[in-house]
Every structure is written in C-alpha cells, then in structure tokens.
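Chemist: Here it is, the structure in full.
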Amino acid sequence: MPSKPAKYGIKIWAACDANSSYALNLQVYTGKPVGGAAERNQDMRVVLDMAQGLRGHNITCDNFFTLYNLGQELLKKKLTMVGTVRKNRTELPAELLAIKNRAPQSSKFVFTDTTALVSYCPKKGKNVLLMSTP
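FYI, my numbering numbers position 93 of the sequence shown as 93, with every residue one higher than the one before it.
See the structure below:
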C-alpha cells in the first residue's frame, strides 16, 4: 500500500470489549498463500470468527467489515451490528448515495425489517453512511 509508512508489518484482527478495552479474541492475518488467490469474503469470515461464542452483544465495525449479509448472519447468532459503510457496496440504494442538492447536516433513512441505513450529510458534498441491525 503506497500510503502506508512501512512496507512490511503484522496485521492482527482483534475483537475487544468496548467498556474495558480488553481483547476478547485475536487472529493474526498471514496474508494470501504464496502463488494463491486472495481470500473471498474475508471481511465476513473474520467477524464471524471473532464473534464465535458471543451471544446478545453488539458488534461495532468499520467500513471494511460492514456488510448487509454479515448483519443478517450475526442476527441469526443473536448478535446485532452497527458500523460505517463504504459507498461502493452494491446493496446500497441510490437514494442514499445521491448528495447533490442535499442540505448540510441532513439525514436520509432506509429501513427493512432487520436493518436501518442512514446517510448523514455533515457538510456540502460529503455523506457518511451507517448501517445498524436491531
């Protein structure tokens, strides 16, 4: 990655308790196999691995991990999820992505039975997308 200060490093996925900041689960990312293809659905696998054994908790994710399908899988395990969403996700309705003519500090909401999506426009020409499951 050109913007990173170091060429090499260790990536560790971590599930941490929000109150105490203690790590509940850690997983070292070793990269793709030599000569192999990149892992598909890595984002979903990592969160499901990290959440293994949890019940009745809320998972907070950044935009790498926040997916509609992941939210549905977590609901089956009695877990909820909240997180920011990347604007290039295919499951997003076009109405949330449109920022032309949006007033600053305005919000648009989309609801399904299991998911809430919010498009918040903090300033002109910028929006932040959030997803939450109940």
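Even for Gly, the Cβ is constructed at its ideal location relative to N, Cα and C.
Being a predicted model, the structure only gives us computed values, none of them experimental.
1. Are S132 and A116 closer than 9 Å when you measure CB to CB?
2. Which whole-angstrom value is the C-beta distance of L168 and V85, which I expect to be below 8 Å?
3. Is the Cβ-Cβ distance between P93 and T114 less than 9 Å?
4. Rounding to the nearest angstrom, what Cα-Cα distance links M122 and D43 in this structure?
5. Helix, strand or coil: which one does DSSP assign to A116?
Modeler: Taking the structure as given:
1. yes
2. With the chain represented from 1 up to 134, any question about residue 168 goes unanswered, as that position is not in the structure.
3. no
4. Position check: residue 122 holds Pro in this sequence, whereas Met was assumed. Spanning the two alpha carbons is a distance of roughly 27 Å.
5. strand
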